[in-house]
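Here's the structure we're looking at; comments come further down.
Residue numbers (the working numbering): 24 to 96.
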């Protein structure tokens, strides 16, 4: 039962972090406007491909996941 408890606590922490990121993501003015983000605007179409933002978030989440894995061993 101890392993299940630790797993549930870990999942709760992850959900809290994701919720905090989603709550404050709109307040970070440069998020979504990084170099490498592609914006195509035509008359009736707007396409946004946030490649730079995705790379940055991937890097940050990878570091967090590695630190969490080392902490919980």
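All C-beta atoms, glycine included, are put in the ideal place defined by N, C-alpha and C. Note that the structure is a prediction, hence the values are computed from the model and not measured.
Within the DSSP bridge table, the entry for residue 69 names 64 as partners. Rounded to the nearest whole angstrom, the C-alpha separation of residue 39 and residue 31 is 12 angstroms. Look at the beta carbons and you see the stretch 52 to 60 touching the stretch 68 to 85: at least three pairs across the two are nearer than 8 angstroms. Under the three-state reduction of DSSP, residue 51 is assigned to coil, being neither helix nor strand. Taken through DSSP and simplified to helix, strand or coil, residue 57 comes out as coil.
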